[in-house]
Amino acid sequence: MFATSLLSRFMQNPSEVHFIAVKRILKYVKGTVNFGLIYMKQKSSQLLGFSDSDWAGFLDDSKSTRDFCFSFGSVVFGWSSKKQEVVTQSTAEAEYIACAAAANHALWLRKLLDELGFK
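In my numbering, the protein residues as written are 1 to 119.
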């Protein structure tokens with residue numbers, strides 16, 4: 001997921017290096033096409049979320065990347081990886097932005113799960 005997000009930033013002016021990376025991703029997808037997620041009923045289904053961020057990971061504009069993922073029971077089912085829109089002044093600020101994005105998504109997921117009957 002991160003690799004595709006990173007490569008999408010070079011769609012307007014890709015180089016040979018980018019094409020090689022895309023081919024590598026496509027080979028990975030082809031080799032894992034039969035992989036999947038198995039959801040089994042469990043007694044305890046807890047929504048768990050994790051967030052992370054780098055700080056100024058992109059040297060060209062000093063912006064950070066924020067990531068989060070969510071699991072319900074024992075299976076990861078929601079995730080996101082995006083370049084932050086602002087330049088942060090510290091690791092703590094970059095992590096706070098990632099945490100806030102994850103919290104917003106968690107609220108949406110909790111409401112969705114409530115509507116589906118998972119209390």
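We put the beta carbon where it would ideally sit given N, CA and C, even for glycine.
Please name the residue in the options whose C-alpha comes closest to that of residue i.
| i | options | result |
| --- | --- | --- |
| C69 | S44, L37, K83, L48 | L48 |
| V87 | Y96, W79, Y28 | Y96 |
| Y39 | S62, S15, F77, D52 | F77 |
| S71 | R110, Q89, R24, A92 | R110 |
Residue i by DSSP, collapsed to three states: which one?
| i | result |
| --- | --- |
| W108 | helix |
| G31 | helix |
| F19 | helix |
| S51 | strand |
| T65 | strand |
| F2 | helix |
| S81 | strand |
| S8 | helix |
I think residue i touches residue j, with their Cβ atoms under 8 Å apart; what is that distance to the nearest whole Å?
| i | j | result |
| --- | --- | --- |
| D54 | S45 | With 8 Å as the limit, D54 and S45 do not qualify as a contact, their Cβ atoms being about 31 Å apart. |
| A98 | R66 | 4 Å |
Spell out the partners DSSP gives residue i in its beta bridges.
| i | result |
| --- | --- |
| L26 | Its beta-bridge partners do not exist; DSSP assigns none. |
| Q71 | According to the sequence shown, residue 71 is Ser rather than Gln. In the DSSP output, where bridge partners are listed per residue, S71 has L48, V76. |
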